[in-house]
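Numbering (this note's numbering), first residue to last: 1 to 342.
Even glycine gets a Cβ: it sits at the ideal position worked out from N, Cα and C.
Predicted model, so just to flag it, every value in this text is computed and none were measured.
The next block holds one structure in the form of structure tokens; read it before the comments.
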């Protein structure tokens, strides 16, 4: 009986903390403690129950926001709209949040609500769901180190299976399929943050797992990303456009069929239009330049006036262009590389 009382008391305390975390005022110190120091995993069970609709005290959207607040704080942006730091795996609680059970619960929730999103019902649920997915699929540097050393790491459960044994193949397919489906819905909403979160989640998925990358690359994702980036370009310049260019650049890797899918989606025309219209936007212009260098790798495929545009971007943002080149996993144009200062 005493143990039962202690467990209930602990659950009540954790529930109260989660509700405070997503309150109007929010609590930075609480978010920091949960992200960096918390060792108790009770909150993970509460979040899973809430996402599944089994915790009346915490709504689904509140659970998603709690995930975003905790993981976002660890990544350097509590809103979850950017992910500036992926160096640490965080507390034991964070590693529990990134578990297969909780990630699967978020995916299941988004699947259940797919029919309501086209009618623009529950837009905040979609936005926070995409933010949560982006952060859940972050692969911290510490997890990469553990993976290279052959050690298991709960922050990277979905990355790869043991050689010769497919343990998470279906989960990875489901992750990719749901995220690609959600791209169709995001275009109906005006919030650029939705596009950035969707693009970011897919970036994390395809860079973390080669098998997930192969599965996603075989879909019509490139066409969807180009259409979303074009729509955002006609609205307001936003870093979401740069995230879209980076995702397209990643999708060019591997067999030539992957590159062909991206070029067939008019990625070349997108990159040229971005360079012409948004050449003074540091991240957008630099990511568009790198995309151009991948989809038109042959020197004779880039016209002199286009090279002049590229030279202007390189001159303005040489460091940013170098950073954006790290997204390229396939050959890039020698003509554009020659523009970089030695």
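Got a sec? Which residues, its chain only, sit under 6 Å from residue 186 by beta carbon, not counting five neighbours each side?
-> Annotation for residue 186: 194, 195 and 198 place their beta carbon closer than 6 Å to its own, counting only its chain and skipping 5 residues before and after.
In angstroms, rounded to a whole number, what distance separates the CA positions of residue 325 and residue 295?
-> 13 Å
Sequence-distant residues of its chain with Cβ nearer than 7 Å to residue 239 (five each side left out) | Taking C-beta separations shorter than 7 Å and ignoring five residues to either side along the sequence, the partners of residue 239 in its chain run 196 and 283, following chain order.
Report the three-state DSSP secondary structure of residue 332 (helix, strand or coil).
-> Reduced to three states, the DSSP call for residue 332 is coil.
Report yes or no: do the region 47-64 and the region 120-130 share at least 3 C-beta pairs separated by less than 8 Å?
-> yes
Compare the beta carbon distance of residue 181 and residue 114 with 8 Å and say whether it is the shorter of the two.
-> yes
Nearest residue (CA-CA) to residue 321, options 335, 309, 340 and 303 = 340
Short check: CB of residue 278 to CB of residue 331, under 8 Å?
-> Cβ distance not < 8 Å, so residue 278 and residue 331 don't count as in contact.
Can you tell me where the alpha helix (DSSP H) with residue 95 in it begins and where it stops?
-> 92-97
The alpha helix (DSSP H) spanning residue 257 covers which residue range?
-> For residue 257, the enclosing alpha helix (DSSP H) starts and ends at 256-264.
State buried or exposed for residue 220, treating a residue as buried only when at least 16 other CB atoms are found within 10 Å of its CB.
-> exposed
Out of 98, 183 and 34, which has the shortest C-alpha to C-alpha gap to residue 48?
-> In terms of CA proximity to residue 48, 98 leads the group 98, 183 and 34.
Span separating the alpha-carbon of residue 40 from that of residue 333 | 51 Å
Determine the DSSP secondary structure at residue 317, reduced to helix, strand or coil.
-> In the structure shown, residue 317 sits in coil (DSSP, three-state: anything other than H, G, I, E or B).
Under 8 Å between C-beta atoms, does residue 37 make it to chain D?
-> You won't find chain D in this structure, because it holds only one protein chain.
Helix, strand or coil at residue 344 [DSSP, three-state] | Past the edges of the chain, shown from 1 to 342, lies residue 344, and the structure says nothing about it.
Can you tell me whether DSSP reads residue 70 as helix, strand or coil?
-> helix
Any contact of the region 255-266 with the region 308-319, i.e. 3+ C-beta pairs under 8 Å?
-> no
Of all the options 257, 178, 171 and 37, which has the alpha carbon lying nearest to the alpha carbon of residue 117?
-> 178
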